[in-house]
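Following: one structure in structure tokens, then a few remarks.
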């Protein structure tokens, strides 16, 4: 195979169309001046990555951006080819022929004759890429491309209501514990730590102490009639994109923040952590799944749905098993990824915007048990704690945490440091 640097996208793509190897990639007319390219969204129920993402994967392989054994990222593959098509003067999308609302959607592109390419595509905005940001070098996109990549593709938007956020399962009390004063429970489990990472760099952290939770949104004003005011809950802002050092990352992050304008709502109680997505941007999350296990599959937050992203009961079960030495330490942190799919914490270090949420008292409880385990081991490395003593110790720690209060401190933007997850 010839080196991709010496060949144009036009030649490569024509060869792929003529090969007949890719389902849905075909000529649109007899003159071979236009072609169809399959354009199914990965969120569709009948989406088949091997078929529907095959041409995008082939381009990633050809460009040296993917080899067998690497983690599959079909959304990124699709974005790379889309950006290449719209950046190239050889192609022009024919929107009136594209069909995106059918079971097998496709886009139509026209091959632009060379005589028409006098001025190129002057309307496209490219993003310079410094050598230190190799992951984004071939992601030069127009603003519309970036928006399509990061926002929700379905056009639905349900009007949210503050009353819905306050009702239903979010007020349930499922823990089988001895009754404690409701004020103690509220204080113990409403406190959260919110941490922001931009491409693996810690940008900002904040405490949430309001019993009704918080709204996390960019700093730009939401306009009149915003349904969730700062009077009813705490407001936490995303760090501004201007703090980012690299220009292309700063540009794309700024566009992404524009689609997070309405933000998300987060609230915690003794049942767990709940979230409600209001923004247009897609949001994926990973966190505690089955007892002691990390959920490796990305979970997408549907807009305006209240979702439990952290289960306190499961965490306590895992914590007790950990104390008894049966499983590794459970993770009290939930990771949110905005605008991009998330499959594991390793990929989180490469994402534009990551927000991590942890319940302060669960984190403190894990740290306390670690101290007790360390002390017990130092006293007698061969000692195994009896089940009744382990349960008694858990209950005592739990009671202590109900009166634990987050120390008051002011939040500020911090120097960039690497993500620790």
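In UniProt numbering, the protein residues as written are 1 to 421. Note that beta-carbon positions come from the ideal geometry of N, C-alpha and C, so glycine has one too. Computed from a predicted structure; not experimentally measured.
| Check | Outcome |
| --- | --- |
| Segment limits, alpha helix (DSSP H) that includes residue 56 | 54-62 |
| For residue 350 and residue 199, believed in contact at Cβ under 8 Å, the rounded distance | 7 Å |
| Cα-Cα separation, residue 335 to residue 276 | 14 Å |
| Separation of residue 308 from residue 362, as counted between CA atoms | 16 Å |
| Residue 303 classed as buried or exposed, judged by whether at least 16 other C-beta atoms fall within 10 angstroms | buried |
| Cβ neighbour criterion (16 or more within 10 Å) applied to residue 201 | buried |
| Where residue 111 falls: helix, strand or coil (DSSP) | strand |
| Residue range of the unbroken alpha helix (DSSP H) whose run includes residue 338 | Element bounds for residue 338: not the alpha helix (DSSP H) but the beta strand (DSSP E), 333-338. |
| Cβ contact (3+ pairs, closer than 8 Å) linking the stretch 314-332 and the stretch 246-262 | no |
| Delimiting residues of the beta strand (DSSP E) encompassing residue 266 | 264-269 |
| Assigned secondary structure, residue 32 (DSSP; H/G/I helix, E/B strand, else coil) | coil |
| Nearest-angstrom Cα separation, counted from residue 109 out to residue 88 | 12 Å |
| Euclidean distance between Cα positions of residue 196 and residue 216 | 11 Å |
| Which listed residue (86, 92, 70 and 234) has its alpha carbon closest to that of residue 116 | 92 |
| Extent of the continuous beta strand (DSSP E) to which residue 216 belongs | 214-217 |
| Rounded distance between the beta-carbons of residue 272 and residue 235, thought under 8 Å | So it is not a contact: roughly 22 Å between Cβ atoms. |
| N- and C-terminal bounds of the alpha helix (DSSP H) containing residue 18 | 9-19 |
| Cut-off 6 Å between Cβ atoms - residues of its own chain near residue 17, not counting five sequence neighbours on either side | 25 and 35 |
| C-alpha gap between residue 105 and residue 95, whole angstroms | 13 Å |
| Through-space distance from residue 31 to residue 340, alpha-carbon basis | 38 Å |
| Option nearest residue 328 by Cα separation, candidates 270, 369, 354 and 352 | 369 |
| Burial state of residue 283 (16 or more Cβ within 10 Å) | buried |
| N- and C-terminal bounds of the alpha helix (DSSP H) containing residue 201 | Premise fails: residue 201 lies in the beta strand (DSSP E), 201-208, not in any alpha helix (DSSP H). |
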